[in-house]
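Number of protein chains: 2
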Amino acid sequence: MKRGLLTDRQKEVLRYRKQGLTQQQIADIIKTSKANVCTIEKAALENIARARDTLEFLYTLDAAHLCTLKSGLDLLKAPEIIYSEAEKMGVKVKYDTITLINRLRDANPDRFRGRQVREDVEVYINEDGDLYFG
Amino acid sequence: MKRGLLTDRQKEVLRYRKQGLTQQQIADIIKTSKANVCTIEKAALENIARARDTLEFLYTLDAAHLCTLKSGLDLLKAPEIIYSEAEKMGVKVKYDTITLINRLRDANPDRFRGRQVREDVEVYINEDGDLYFG
DNA sequence: TCGAATTTAAACACTTCTGCTTAACAGATT
DNA sequence: AATCTGTTAAGCAGAAGTGTTTAAATTCGA
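Residue numbers (the working numbering), protein chains in the order written: chain H, 1117 to 1250; chain E, 1117 to 1250.
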């Protein structure tokens, strides 16, 4: 059974990178092209991000589904929706408007284009008023 | 780009499970066999474990490689090796013999069969004397 | 012990991932 | 201009993951 997401090749590259080597230097050491080192490093970072997202999901299991921010929605209208839904459930959202928008964008930058929601975002809330997105 | 490791199917099963449903009940809901629900749930838990291991690896990046516990080694001889190697590096291991063995086993149970190491285990140590295995 | 719940194994199509090459492109530094 | 660094894209072969079915084993409470 595989232990982690990272392949031996990916770990190798990350270790050399941590030591400050350039992609070209690493390419020479492991005998391949610098383009390939770039690809491998990128894949490694993606895998790490994916691992983080996976564990992030566990929080949504403890949380209740609050609402769905539908594709096309104006990002600035999201807080209003979220506050109103949370009030219905008798929970106070932990974040103010600005913080909420930032959290929303930071959580997964890919899902927003400027002020627009590109893809449906599910919003979860726990009893502490913490928000999670999935 | 995929966000997490878990497929929609796997998330679905985990959510129903969290609600206390049996595999048979879930199978009826998502219209498949209970055996399949079992497989999906198992895959989900494996993915979560893999995500944890992946992030665990990041610690080994900050840590230095201490030694390798080779396949076939007696688990009870590991502490001696580790203490002696750490001393060479001028770092004091944070754990006593008993705790060390327990950490070693708990870190990844699959790599030990009774008192024997089944598969090479890399040992890393940081400046605080914390140990990581990979 | 009976039956329900859970787990495991094997096999199958299908999809995705991985490492790799080649080639091109953008930014900095020299 | 020439060089070094990092990125990106297309394509390819081999490996691994996913959902599924079917069938057999195991656990466990009543």
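Glycine included, every Cβ here is placed at the ideal spot set by N, Cα and C.
Chain E within 8 angstroms of residue i, Cβ atoms only
{"i": "H/Arg1221", "result": "no"}
{"i": "H/Ile1164", "result": "yes"}
{"i": "H/Asp1212", "result": "no"}
{"i": "H/Gly1230", "result": "no"}
{"i": "H/Lys1193", "result": "no"}
{"i": "H/Lys1127", "result": "yes"}
C-alpha gap between residue i and residue j, whole angstroms
{"i": "H/Asp1144", "j": "E/Ala1223", "result": "34 angstroms"}
{"i": "H/Thr1176", "j": "E/Asp1169", "result": "20 angstroms"}
{"i": "H/Asn1218", "j": "H/Leu1191", "result": "10 angstroms"}
{"i": "E/Leu1216", "j": "E/Pro1195", "result": "7 angstroms"}
{"i": "E/Val1129", "j": "E/Lys1150", "result": "11 angstroms"}
{"i": "E/Gln1139", "j": "H/Lys1134", "result": "45 angstroms"}
{"i": "H/Thr1148", "j": "H/Thr1155", "result": "11 angstroms"}
Closer than 8 angstroms to chain H by CB, residue i
{"i": "E/Asp1246", "result": "no"}
{"i": "E/Phe1173", "result": "yes"}
{"i": "E/Lys1158", "result": "no"}
{"i": "E/Gly1206", "result": "no"}
Beta-carbon proximity list for residue i, same chain, < 7 angstroms, skipping 5 on both sides
{"i": "H/Leu1171", "result": "none"}
{"i": "H/Ala1167", "result": "Leu1121"}
{"i": "E/Ala1165", "result": "none"}
{"i": "E/Asp1101", "result": "What is shown of chain E runs 1117 to 1250, which leaves residue 1101 of chain E out entirely."}
{"i": "E/Arg1231", "result": "Asp1190, Leu1191 and Leu1192"}
Chain-ordered neighbours of residue i on chain H, where CB pairs are closer than 8 angstroms
{"i": "E/Leu1177", "result": "Leu1130, Arg1131 and Lys1134"}
Chain H contact residues for residue i, given Cβ-Cβ distances below 7 angstroms
{"i": "E/Gly1188", "result": "Residues of chain H passing the Cβ test: none, with the nearest at roughly 19 angstroms."}
Cut-off 8 angstroms between Cβ atoms - residues of its own chain near residue i, not counting five sequence neighbours on either side
{"i": "E/Val1209", "result": "Ile1198, Tyr1199, Ala1202, Leu1216, Ile1241, Gly1245 and Leu1247"}
{"i": "E/Ala1252", "result": "Nothing in the structure corresponds to residue 1252 of chain E, since chain E is present only between 1117 and 1250."}
Chain-ordered neighbours of residue i on chain E, where CB pairs are closer than 7 angstroms
{"i": "H/Asp1169", "result": "Arg1119 and Gly1120"}
Considering only residues of the region 1186-1244 of chain E, which uninterrupted alpha helix (DSSP H) runs meet the minimum length of 4 residues and lie entirely inside it, listed in chain order? The alpha helix (DSSP H) runs lying completely inside the region 1186-1244 of chain E and spanning 4 residues or more are 1194-1204 and 1213-1223, given in chain order.
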